[in-house]
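Below: the structure, in structure tokens.
Chains as they are written, first to last, in my numbering: chain Z, 889 to 1255; chain V, 889 to 1255.
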């Protein structure tokens, strides 16, 4: 270890952990059709849009996806130019630490000096140039040994996101932007805390964009999560063998769930954040998706024909051919799929997961 | 004329004008499936329930239905013991005056002294004994020459109904109840007027229940609507002939639309009303239907399985097998049919007809 900042071939690799189910977008998202596989905005799925955005930096050969077995085939079909061996099958979802850590150590096996970026599979970014600039700045910080994250300038006191606190110490400061030493992560805050975060100007939304030198990550893993590091190392050693998936499964079962941000990055001395604005959204719930859709004069988001009489602030998502009519209602999300219908107060968009919880008691077909 | 109160065979006949489309129950009710043909509450349609209620008084042979051509076959199927010739086909809906007047004059042709009651096809009455008592009282008033209506004691300042004002003069007063001389009709009042009506205690809801001696009605028709009387008389004369429907159609086209209540009854000197309470509802809109359905602890009316999280006061009517989920919403009516979906604020239940109006501009298939 310790080769970062000195070695050659600091080529850039991308990793897309394609895990979350996106339960808050039920009934459109289901266990078998998670959010990242859905074409929510435009013709291409969120995963395809993510791939399109990062592949110019990493090439298909240097792009990896870590996903669950039930989604692997659909991922392979959606991304036909991605080499099949670059789709890593997790035995089951076990937190971001094992998934991203495995990808990092697999890259490190052949390219110990590579710079790796990890990007969520199901976020939207409308300003690709701003993304590119932030990525360049983050790569510069990664090349000098910083475990780096890109943080989004918050626009509202959102209580559903995690935050990253930055210090005033710049570790990179040039034409593409600045990277600051980070102070730590804060998980979903209260509204009062979130408002204070906004007021200080030092807190950024955590969008799970991580950029580092893979050998530096291995070093920090070995220091702060030695059990995880050793398990991942055994998997990487077995990777060329025929029993690869057996080893992976056995190790996975024994691993504890560790997050990459609080479990690893926050423990490190050289932890940096690049503040950025790039038209980002996690498309996390129906309210958020409604804001991304085109709206009519009554602030209704209506992707198809609809009849309305005194309706405002409503979004209608219909995958059926049925006529939808709204009378005297406001601030609703209406999601009409062939086998399930959701009527949601947009202020309560986070609570859709409560319905999915209920489905697990005997209505699994709808989950 | 003038045989009422003196002649024999004052048998009771029932007439059910089955006209209105029930546009406020869209998308369940459609032009081809009007409200009265739908089994909204229980297994039998509102028409069947109406028939079941009145046939013990009039027998099937003395029960007539006046309906549009597009509904005649379904009516015949729903009421198999009703003689086919007792279904009178209107060329088109032309107000209650021509429809009910024609039925009255057809009955009068064979039974000039008959007592006839006219009852809406699509109302609900839960207290059948109270209905029977009111009907007996109304028949007594009719036998002594009064054109009589049964009026419902109002329970709220409803602005969607018409009202009947009564005087304090009792024309019948015995064990089954009282009939009062009526002062007139008031069409749908403002909320202020409706509240005043309630406060006086002299106003009753007009539920279109009319009871009279058919010869007395003919007399009043001839006096107050001579053109209508003469046209109906020509139709009745042609009734036994092969060209019956031709004559009917030609006369219908020339007739002006006249209502039975304000166009005829209100003009009469002997116009009475029997106040009654009988668990009546016109099932006029989704809000009203929701109140008649069983409700759960959150005041949600849910005829089938539904998942909810913080939902209250909602009614769900689903004819699909889809799962319906509500999150954080209140006071909605949700009507889910195979080809149309309605989301309605229950306070705006009257406005569903605005949607049906819009459908007539190019989406007739859904109307």
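Where is the CB? At the ideal position from N, CA and C, for every residue including glycine.
For residue i, the first and last residue of its enclosing alpha helix (DSSP H)
i, result
"residue 1244 (chain Z)", "1240 to 1247"
"residue 1134 (chain V)", "1132 to 1142"
"residue 994 (chain Z)", "984 to 998"
"residue 1174 (chain V)", "1174 to 1180"
"residue 1088 (chain Z)", "1079 to 1088"
"residue 938 (chain Z)", "934 to 946"
"residue 1016 (chain V)", "1016 to 1031"
"residue 1124 (chain Z)", "1114 to 1126"
"residue 964 (chain Z)", "957 to 966"
"residue 1149 (chain V)", "1148 to 1151"
Any C-beta of chain Z under 7 Å from that of residue i
i, result
"residue 1227 (chain V)", "yes"
"residue 1184 (chain V)", "no"
"residue 1242 (chain V)", "yes"
"residue 1254 (chain V)", "yes"
"residue 891 (chain V)", "Because residue 891 (chain V) sits at a pLDDT of 43, beneath the cut-off of 50, its placement in the model cannot be relied upon, and the following sentence gives the value as read from the coordinates. Cβ-Cβ to chain Z under 7 Å: no for residue 891 (chain V)."
"residue 1143 (chain V)", "no"
"residue 1239 (chain V)", "yes"
"residue 1194 (chain V)", "no"
"residue 1112 (chain V)", "no"
"residue 898 (chain V)", "no"
Option in the options with minimal Cα separation from residue i
i, options, result
"residue 1230 (chain V)", "V:1249, V:1216, V:1207, V:1215", "V:1207"
"residue 1089 (chain Z)", "Z:1131, Z:1044, Z:915, Z:960", "Z:1044"
"residue 1200 (chain Z)", "V:1202, V:976, V:1169, V:1232", "V:1232"
"residue 1068 (chain V)", "V:1077, V:1075, V:1079, V:1053", "V:1053"
"residue 1240 (chain Z)", "Z:1195, Z:1218, Z:1198, Z:1172", "Z:1172"
"residue 1019 (chain V)", "V:943, V:1212, V:1034", "V:943"
"residue 977 (chain V)", "V:917, V:985, V:968, V:991", "V:991"
"residue 935 (chain Z)", "Z:950, Z:1246, Z:907", "Z:907"
"residue 1205 (chain V)", "V:1198, V:1183, V:1197", "V:1183"
"residue 1238 (chain Z)", "V:1216, V:1143, V:1038, V:1015", "V:1216"
Where the beta strand (DSSP E) through residue i begins and ends
i, result
"residue 1100 (chain V)", "1091 to 1101"
"residue 905 (chain Z)", "900 to 906"
"residue 1159 (chain V)", "1159 to 1164"
"residue 1058 (chain Z)", "1051 to 1062"
"residue 1036 (chain Z)", "1035 to 1040"
"residue 1069 (chain Z)", "1065 to 1074"
"residue 1005 (chain Z)", "1003 to 1006"
"residue 976 (chain V)", "975 to 978"
"residue 1187 (chain Z)", "Element bounds for residue 1187 (chain Z): n/a, residue is neither H nor E."
"residue 1233 (chain V)", "1228 to 1233"
"residue 1205 (chain V)", "1203 to 1206"
Buried versus exposed call for residue i [16 or more other C-beta atoms within 10 Å across all chains shown]
i, result
"residue 1111 (chain Z)", "exposed"
"residue 957 (chain V)", "exposed"
"residue 1226 (chain V)", "exposed"
"residue 1092 (chain Z)", "buried"
"residue 1163 (chain V)", "buried"
"residue 1234 (chain V)", "buried"
"residue 1079 (chain V)", "exposed"
"residue 980 (chain Z)", "exposed"
"residue 965 (chain Z)", "exposed"
"residue 915 (chain Z)", "buried"
"residue 1141 (chain Z)", "exposed"
Cβ of residue i within 7 Å of any chain V Cβ
i, result
"residue 1246 (chain Z)", "yes"
"residue 996 (chain Z)", "no"
"residue 1175 (chain Z)", "no"
"residue 1236 (chain Z)", "yes"
"residue 1090 (chain Z)", "no"
"residue 902 (chain Z)", "no"
"residue 1181 (chain Z)", "no"
"residue 1233 (chain Z)", "yes"
"residue 1249 (chain Z)", "no"
"residue 1197 (chain Z)", "yes"
Heavy atom of the ligand FMN within 6 Å of residue i beta-carbon
i, result
"residue 926 (chain Z)", "The model depicted lacks the ligand FMN and carries no ligand whatsoever."
(message) Residues of the stretch 1204 to 1229 of chain Z in Cβ contact with chain V at a cutoff of 7 Å, in chain order, please.
(response) 1210, 1211, 1212, 1213, 1214, 1215, 1216, 1217, 1220, 1222, 1224, 1227, 1228, 1229
(message) Closer than 7 Å between beta carbons: that is the criterion. Which residues of the stretch 1056 to 1082 of chain V meet it against chain Z?
(response) none
(request) Check each residue of the stretch 960 to 987 of chain V: if its Cβ is closer than 7 Å to any Cβ of chain Z, include it; give the result in chain order. (result) none
(request) Quick one: which residues of the stretch 913 to 931 of chain Z get their C-beta closer than 9 Å to a C-beta of chain V? List them in chain order. (result) 914, 915
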